Each structure stands twice: as C-alpha cells, then as structure tokens.
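Step one of this worksheet: look at the structure below.
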Amino acid sequence: MLRQVRPFLFVFIYLFTASSFAADIREIRNYQAPDHVRVVLDLSSRIEYRLFMLSSPERLVVDIDRARLRANVPDTFDAGSPIGKLRIGNKGDGTRVVFDLKRKVRPKTFLLPPSGQYGHRLVLDLYDSEQQSVSRQPAVKTRPAHTKGKADWVVAIDAGHGGEDPGAIGKRYRTREKTVVLAIAKELYRQVNATKGMRAIMTRKSDYYVGLRKRSILAKDGAADVFISIHADAVPGKRARGASVYAISERGASDTISKYLANSENAADIAGGIVGAEVKDRTVRHVLYDLSMSKNIGWSLDFGKDVLKEVGKVSTLHRRTVGQAGFAVLKSAGTPSILVETAFISNPAEEKKLRSRSFQRKMAAGLLKGIKRFFARNYFPPRAATHYVRNKSKSSGRKEYVVRRGDSLTSIARKYNIHIESLRFANNLSGSQLPVGRRLLIP
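For the sequence shown, the working numbering gives the first residue as 63, with consecutive numbering after it.
In structure tokens:
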C-alpha cells in the first residue's frame, strides 16, 4: 500500500512546492548609461515587490513575494556603476535581492508588461544621489576648445535601439541590430571628428537605451546642424536587401515598407522601458513639433538625397528615392533629420556584411560624404554648441553656473530641469566629474 501511495505523495509535494512560487526570475541584466545604471529582472509572471534602502554600508534591498531565482547572478559591473556587488537569497516564500552600493543612489523602479521577445520585467534605474560630492574628484577632461571666431558643423549621430531594446535580430548569426549600428555610429563619429570644420555628438556611446524623444532633444541641445539615425532593420522574409534613407512625413508613409519600418522603430520605447508620463509627453510635444515641421521636411529631403547618392556608391540600394514616414525619432523641428537603414539584417547575406568591420567603415565613409555634400550644396552658418549656447545664455538670462562643493552633474541638471547629456554637450564634457569653481553654460 505504501509503495502505491509514495509516487502520488512525491507528485503532490512537487506540485505544492511549485505552486507556492508565483514567478521565476529567469535572467538578470544590467546596462550602464551616462547618468544611471539599469538592472532588469526577467520574470515568468507579474510580481509584487517592496524596495527599501539601508545605510552604513549603503545597500538597496528588493523583496519579491513568491518568487524563486532561476538565473545566474551578475558578478561584475561597469567601473562607473554604483553597484559593487549583487546578492540574492531566500526570504520566506520569496526572494531578497541586495545591492551592495559604492555610494548613495536615488532608485526608480517599475514593472513592464510583456512586449516583443520579453515577458514581464522588473526594472530598477539607479541614479547618483544629489548629495554625492564631486569636489574631491579629479578635474574633468574636456575636448579641445574650438578656434576663436570659427564654428564647426555639428553632426548628431544616433545609434538606434540599445540596452533592453535589441532592435531586429538576424536569424542566421543572431546578430543584434543595436550592436552593429553602434559600431557604424562610432566609426562615423571618429571620421567626422577627424574632418576639419566638423564635430560629432552621439545620442548613446554604449549599450543602453535612450528614449526616442530624448534623442532629438539631445541633438537640439547639442546645437546639431543635422541629425542622422542609423539602423539595420528587418522585414518578413529574407529577400529584402540594400540601404534606404528616410525623412519625416506630414501625410503618412510614402509606401507600405516605409510604414512597416516606421511602426517597428516607433515601438522601441516600449521594449526599451520608456513608460507612462514620458511617452505621453512625447506625444504632446510631437503635436507641437508638427506645427513647424513643414519647413524642416524640405531640408531633410535634400539632406536625404545627398546621403542616398553617396551611400549608393558603397552599397546596394533598396530604394533609389528618399522614403517618408512618421518616424518619431525624426520629429526634431528645425534640424535636417534622416533615418538610414544601412542594410536588412533579416537577409542572411546582409547580416554577415553588417558584422564586417570593412563594411562598417565603408558605410560610415559614405554617410560622411553625404553629410559633406549637403553642407557644400546648402550653405548656412553652423550652430556649433559653444557658439549657440553662449548666444542663447545671453538672451535667456540663464547665463552660467559656477560649480560649488557638493555639486554633481545630476544635481545641476535637475536644478535647471535639463537632461544631463544636454549639459555635457553644451560644455564639451566627456565624464561626470567636476572641479569646484568650474563655470558651466546652461543650455
């Protein structure tokens, strides 16, 4: 009798144990952005959690109800990350996640519903605390100052996707769009900065996500003369091939594929973890942008034609005219803006090409020639960041801010309600450290 009951007893115990857990923690990822670190927990279902801070030493604790760990725990973090170590253990019928911190942080947490390749996610964004002092840190390194009286053309380079949003993924080599377009963007950045009379800024320099609205804001605050967003998207099937160039449209997409690609790109904020008020705010602002969009569309189409002509010399073209659609990232009124699909990652042959350093260099060179062609054909005075911000500061009354003991880039940016990257661009800052007494221009 006992032998007959035993198997059923084991099954009952297993089912009871499994049902006592509401969710599995399947994977833990982290991304280092310029002003914060993002930690993402992939979950099998929605969870309930509590978060609190501890001091001496600094710790951030997250208790997740009825959850169990099924993932590897990261043991290394970026050198600039406030996280020293991550510890995870059981807490009753749930899981406790402990972040051992190097310094005080200001946490922001939220849950994301399933989207695309991802299921439920718990996202933790850790920002440096306002009270963090930078007065004891070494002086910040800046880029060389511009020659007095001469302004450079400023090119804003946007590497699509990033962080939680991988973009399209190739089927043969599992290549992620976010990785190859960042490589092309960095190469273009290098080539632009090596060109006399030109200077480049990037909306992201490594693997983290930047919201679509913030990308255009960074370009505007960086006083960009042109904005170019680099992608390598995918469509159903494997036949689509070649490069394409797109500009914004007031009246909808110019064709079916343009509409498909625009819808795909515009969904990036959801995958990237941009939620709530920021998405709503972007929608409102884009309605306002549309009022002044007409003047910019003509410039953008001209810019697109020049880039398309030069890209066609280094790559097969998918289409020989500039397409138009409602790409959210291009809604930056006043700056000629284009989106370039460098190749189709859904095509195995093009996926392999995108991984090639040789192709990345050639594509960047083609883009640069197109940019130079546009500047040569349509001359208007450059609005280099230093020149632009000085003039703006004189007329706006914001003037300058002198760094005081206890200040940080984060606290100054929050004080003036601007993005930290805008502050960096306006002052040619390459890091987060500031010396006391430094004068900063407020964009």
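Where a beta carbon is used, it is the ideal one built from N, C-alpha and C, also for glycine.
Here the structure is a predicted model, which is why all the values come from computation and not from measurement.
Selected residue, minimal CA-CA separation from residue i, among the options
i           : options               : result
residue 162 : 173, 174, 486 and 136 : 136
residue 423 : 438, 124, 86 and 249  : 249
residue 259 : 466, 437, 489 and 479 : 437
residue 226 : 143, 108, 273 and 254 : 273
residue 186 : 216, 148 and 131      : 148
residue 144 : 97, 159 and 387       : 97
residue 189 : 167, 381 and 473      : 167
residue 184 : 129, 466 and 403      : 129
residue 165 : 300, 142 and 359      : 142
residue 427 : 178, 255 and 117      : 255
residue 466 : 182, 502, 276 and 304 : 502
residue 431 : 380, 370, 305 and 400 : 370
Per-residue burial, residue i [other beta carbons within 10 Å of its own, 16 or more giving buried]
i           : result
residue 235 : exposed
residue 499 : exposed
residue 47  : The first residue shown for the chain is 63 and the last is 505, placing residue 47 beyond what the model contains.
residue 18  : Residue 18 lies beyond the residue range present for the chain, which begins at 63 and ends at 505; the question has no answer from this structure.
residue 378 : exposed
residue 375 : exposed
residue 253 : buried
residue 386 : buried
residue 110 : exposed
Near the ligand GTP: residue i beta-carbon under 7 angstroms from a heavy atom
i           : result
residue 278 : Ligands are entirely absent from the displayed structure, and the ligand GTP is therefore not among its contents.
Straight-line Cα distance separating residue j from residue i
i           : j           : result
residue 176 : residue 102 : 13 angstroms
residue 411 : residue 486 : 39 angstroms
residue 290 : residue 113 : 40 angstroms
residue 262 : residue 477 : 27 angstroms
residue 208 : residue 463 : For residue 208, the predicted structure reports a pLDDT of 39, less than 50, and the residue's modelled location is therefore unreliable. The matter cannot be settled from this model.
residue 458 : residue 89  : With a pLDDT of 47 at residue 458, under the threshold of 50, the predicted position of this residue should be treated as unreliable, though the coordinate-derived value follows. Their Cα atoms are separated by approximately 48 angstroms.
residue 450 : residue 214 : Its pLDDT being 38, under 50, residue 450 is placed unreliably by the model, and nothing is read from it.
residue 267 : residue 284 : 15 angstroms
residue 115 : residue 219 : 38 angstroms
residue 108 : residue 100 : 19 angstroms
residue 497 : residue 491 : 12 angstroms
Check whether residue i and residue j have beta carbons under 8 angstroms apart
i           : j           : result
residue 416 : residue 242 : yes
residue 245 : residue 264 : no
residue 270 : residue 95  : yes
residue 133 : residue 106 : no
residue 125 : residue 170 : no
residue 293 : residue 372 : no
residue 120 : residue 237 : no
residue 297 : residue 408 : yes
residue 388 : residue 309 : no
residue 150 : residue 173 : no
residue 391 : residue 470 : no
residue 425 : residue 397 : no
residue 287 : residue 217 : yes
residue 222 : residue 232 : no
residue 406 : residue 302 : yes
| In the region 350–438, which residue ranges form an unbroken alpha helix (DSSP H) of at least 4 residues, counting only runs that do not cross its ends? | Fully enclosed alpha helix (DSSP H) runs of 4 or longer: 355–373 and 410–416.
| request: Could you tell me which uninterrupted alpha helix (DSSP H) segments, each at least 4 residues in length, are contained entirely in the region 205–288, listed from first to last along the chain? | output: 239–255 and 274–283
| message | So within the region 72–139, which uninterrupted beta strand (DSSP E) runs reach at least 3 residues, ignoring any that extend past its ends? | response | 85–94, 98–105, 111–116, 121–126 and 129–131
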